[in-house]
Every structure is written in C-alpha cells, then in structure tokens.
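Asks: Let me begin by handing over the structure; questions about it come next.
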Amino acid sequence: MAPKVLVTRILPPQTQAHLLEQDFDLFQWQQDCCIPRDVLLEKIKGVDALFCLLTEKIDNELLDAAGPQLRVIATMSVGYDHIDVNAVKSRNIALGYTPDVLTDATADLTVLLALGASRRIKESIRAAENGQWGKWAPTWLCGSQFTNKTLGIVGLGRIGEAVGERLKAFNVGRIIYSGRTEKPSAQAKLNAEFVSFGTLLQESDVIVVCCALTKDTENLFNYEAFSKMKKSVVFINSARGGIVHQDDLVRALDENLIGAVGLDVTTPEPLPPTHKLYTFPNCVILPHVGSATYETRENMAGMTLQNILAGLDNRSLPYSI
Ligand SMILES: O=C(O)C(=O)CO
C-alpha cells in the first residue's frame, strides 16, 4: 500500500515534479497560504510522513491527531523552533531539517540588511521616489560605513560565520562574538574574539543576530540590552523575531537609543502593516526572505523530500535533527 504523505504547501518546481512522481497516497495543501490548523489536524490523521514548513506548529496535539503510524517529519527549514523536538523524539518519529544549504543566501541577505540600514536605504529610496531629491549636498542622507568598526556576531554558527566572512571584506577592524560556547574553528578563520554578551553589546558598532531561538535566547534583546548598546549601533536580526523583545525595540527606537535597525524576522509574521516599527525611518524591515533564492528554496525542498523518502524506507535521515 502506498504510504500516506501530507505536504503542507506547493513546492518549488523541480521538487514538486519529483514529489508527484512518487508512489504516495498524497495530500498536498494547494493554496498559497498556510494550511489552517483545523485542516492540518484533520488531514494529519493516519499519515506516515509529514513534509512541513516553519509555519506549522508541531506539538503533542498534532502528533496525537496523527496517530502512532507517523514515521517521519521533515521541515523545509533550518530553524526548528516551531517543533517540539522532545515530543517528536519520544514517539520515535524521525525528524529532519535543511542545514547548510541556506547559509549563503541568508548571510547575503543579512549583509544586505546591515548595509541598507547603515546607509539609510529606506530614507534614500523614499526621498528619490517622493521628489525630495534636490541637488547633491555634503551631508544629506549620510550613514556610517564599516571600515575599522567592530562587528558583533551573536551566535557564531554556520550563518554567523558566513556573515563574518562577508563583512570582513568590508574592512571591519575587529570581530567579536558571543554565544553558548566558543567556536574555535570559526574564530580562527575570522580572527574573532569570544566575549561576554554584555561586552558585545557595549563594544559593537554593528550587531548581527545569527543564533537560534531557544528558551535561552527568547527576548534576549530587551530594553536593558538596547540601553547598553552604542547610540550609533546598527542592529540586525535575520534569525528569529522571538529573540528580540519587540516592544522594547520600539521603545529603544522611540528614545533614539540605537542608530539603525534591519529586520528580516519579526513577531508576529507577517508583521501587520499598521505596526509602529514601520514608522521609523531608520528601521528597515523585510518579510522573512533570508533564504528566498530560487536555488536555495529548491535545494531546501529537495533535501526535505530526501528526508521523507529515507524515513519512509526506515533508513536514517540524511539531514537529521
Ligand atoms: O529555514 C529557516 O529556518 C528559515 O528561517 C527560512 O529562511
């Protein structure tokens, strides 16, 4: 009998074609929006494999609804804060994700945000489009550059290291990082120093958040943290919205405690267009597009399908959490 497989979205074209070639009893959510929770809870009943995205919460309620035959869950994401990993593992369900493959795309976008925020891209685009572009003027729309500045990376994992490598090319003077543990190999490559979180806040000119969202990092960037930063700091988050206490970020911007902000992630997502964060000229917000290149998304989908196929075959997953 063909295995029952639930896929929560239409996939990039090559992987979508590959999926349809499989001998699956397939239910695939066809609309270009998240599968509603009640539909997911209904459709998960009796499935052998679940192909999900970071938009689906995988918890005991869902696993109970699925039933004991569920053998593999594969998320098309590197982050897995949407998954109750202990709940999945305690039921002996194989769990897969997509590490490495989105590192370059996400690091590229993080650099884009850092440059954009520090060079006042939002105000510049608005000025050009709104007829405020007068004659060239010596100090109009000046931002700051990275030359000789201190770059602080919170979480020197794969993406943090790739961001460091890229920003090194902008002649930063010093790279410091904080995190749970020292990362000797990345540290040596970047000639970086491991410092305490407090030191990183105080000494960085540019702070990039590249860590995972966990219980330890939830709301790590609160009012107290923003208060310790340089007033000129460029603060970038391309990791997860929940790492930042967003109301405190609004307060910090209101009180001019920080220089510029670039966000690819927020709480919630999507961030409603009426949200106060959009009103700050020095806050650039993108709609969670860090990994959004054709190549990367195809690779992520392909890896997720490989995980599903391995799990259904009772093989160990090639990209296992
Ligand atoms: O894969 C992830 O975790 C993402 O955030 C996608 O960009």
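To convert, note that position 86 of the sequence shown is 84 in the working numbering; the numbers rise steadily by one, no gaps.
Note that the Cβ used here is the ideal one computed from N, Cα and C, for glycine as well.
Remember, predicted model here, so these are calculated numbers, not experimental data.
Looking only at DSSP bridge pairs, what is C50 linked to?
Replies: The partner list for C50 (beta bridge, DSSP) reads T73.
Asks: Does DSSP put V366 in a helix, in a strand, or in coil?
Replies: The requested residue 366 is not part of the displayed model; the chain covers only -1 to 319.
Asks: Apart from the five residues just before and just after M227, which ones in its own chain have a Cβ nearer than 6 Å to its Cβ?
Replies: Excluding sequence neighbours, M227 sits near L199 and I256.
Asks: Would A167 be called buried (16 or more neighbouring beta carbons within 10 Å of its own) or exposed?
Replies: Answer is exposed; the Cβ neighbour count stays below 16.
Asks: Report yes if the C-beta of S75 is less than 6 Å from at least one heavy atom of ligand 1; otherwise report no.
Replies: Yes, the beta carbon of S75 sits closer than 6 Å to at least one heavy atom of ligand 1.
Asks: By DSSP's criteria, C281 is part of a beta bridge. Which residues make up the other side?
Replies: C281 pairs with V259.
Asks: Just to confirm the assignment: which complete alpha helix (DSSP H) runs, minimum length 4, are found wholly within the segment 137 to 173?
Replies: For the segment 137 to 173, whole alpha helix (DSSP H) runs of length 4 or above, ordered along the chain, are 156 to 166.
Asks: Can you list, in chain order, the residues of its chain with a C-beta nearer than 7 Å to that of Y78? Leave out the 5 residues immediately preceding and following it.
Replies: Taken in chain order, the residues that qualify are Y95 and I319.
Asks: For ligand 1, any of its heavy atoms closer than 6 Å to the Cβ of G288?
Replies: G288 Cβ: within cutoff of ligand 1.
Asks: By how many angstroms is the C-alpha of N169 removed from the C-alpha of T320?
Replies: Because the chain spans -1 through 319 in this model, residue 320 falls outside it and cannot be assessed.
Asks: Rounded to whole angstroms, how far is the Cβ of E121 from the Cβ of P279, which I believe are closer than 8 Å?
Replies: Yes, they are in contact, since the Cβ atoms of E121 and P279 sit about 5 Å apart, within 8 Å.
Asks: Going straight from the alpha carbon of C32 to that of E191, what length do you get?
Replies: Rounded to the nearest angstrom, the two C-alpha atoms are 42 Å apart.
Asks: For H80, which residues in the same chain have their Cβ closer than 7 Å to its Cβ, ignoring the five residues on either side in sequence?
Replies: Only L52, E54, K55 and I56 meet the Cβ criterion.
Asks: For G196, which residues in the same chain have their Cβ closer than 6 Å to its Cβ, ignoring the five residues on either side in sequence?
Replies: Here the set comprises nothing.
Asks: Taking the alpha carbon of A125 as the reference point, which residue from L139, G65, A105 and E40 has its own alpha carbon closest?
Replies: Nearest of L139, G65, A105 and E40 to A125, Cα basis: L139.
Asks: Could you tell me the boundaries of the beta strand (DSSP E) in which E191 lies?
Replies: A190 to F192 is the extent of the beta strand (DSSP E) around E191.
Asks: In or out: M(-1) buried (at least 16 other Cβ within 10 Å) or exposed?
Replies: Exposed: under 16 other Cβ atoms inside 10 Å.
Asks: Does the Cβ of G150 have 16 or more other Cβ atoms within 10 Å, making it buried, or fewer, making it exposed?
Replies: Buried, since its Cβ has 16 or more Cβ neighbours within 10 Å.
Asks: On a Cα-Cα basis, can you pick out the residue from W131, I8, A47 and H16 that is closest to P1?
Replies: Here the closest residue by C-alpha is A47.
Asks: Once the 5 residues before and after L325 are set aside, which same chain residues still bring their CB inside 7 Å of it?
Replies: Here the chain has residues from -1 to 319 only, and residue 325 is not among them.
Asks: Check each candidate in A160, E201 and S202 and name the one with the smallest Cα separation from A184.
Replies: Of the candidates A160, E201 and S202, the one whose C-alpha sits nearest the C-alpha of A184 is A160.
Asks: Please report the residue range of the beta strand (DSSP E) in which G94 lies.
Replies: A92 to G94 is the extent of the beta strand (DSSP E) around G94.
Asks: Hey, A115 and G260: beta-carbon distance below 7 Å or not?
Replies: Yes; because the gap between Cβ atoms is below 7 Å, this pair is in contact.
Asks: With a Cβ-Cβ cutoff of 7 Å, do K274 and V232 count as a contact?
Replies: Not a contact, by the Cβ cut-off of 7 Å.
Asks: So, at 6 Å on beta carbons, what are the nonlocal neighbours of R117 in its own chain, with the 5 sequence-adjacent residues on each side left out?
Replies: If we look at R117 and ignore the five residues flanking it on each side, its Cβ neighbours are G141.
Asks: Quick test of the definition: if touching needs 3 or more C-beta pairs under 8 Å, does the segment 301 to 309 touch the segment 2 to 19?
Replies: Touching, per the Cβ criterion.
Asks: Beta-carbon of G162 versus every beta-carbon of chain D: anything under 7 Å?
Replies: No chain D appears in the structure shown, which is made up of a single protein chain.
Asks: Do you know whose CA, among V109, T264 and P136, lies nearest V206's CA?
Replies: Of the candidates V109, T264 and P136, the one whose C-alpha sits nearest the C-alpha of V206 is V109.
Asks: Let me check understanding here. Comparing Cα to Cα, which of E293, K213, V45 and G158 lies closest to Q69?
Replies: First, the residue type needs correcting, since residue 69 is Arg and not Gln in the sequence shown. Answer by Cα proximity: V45.
Asks: Counting along the chain, where does the beta strand (DSSP E) carrying L218 start and finish?
Replies: L218 -> no beta strand (DSSP E), and no H or E assigned at all.
Asks: Taking a contact to mean a Cβ-Cβ separation below 7 Å, would you say C208 touches A186 in this structure?
Replies: The answer is no: Cβ separation not under 7 Å.
Asks: Would you give the residue range spanned by the beta strand (DSSP E) that Q26 belongs to?
Replies: First-last of the beta strand (DSSP E) with Q26: D23 to Q26.
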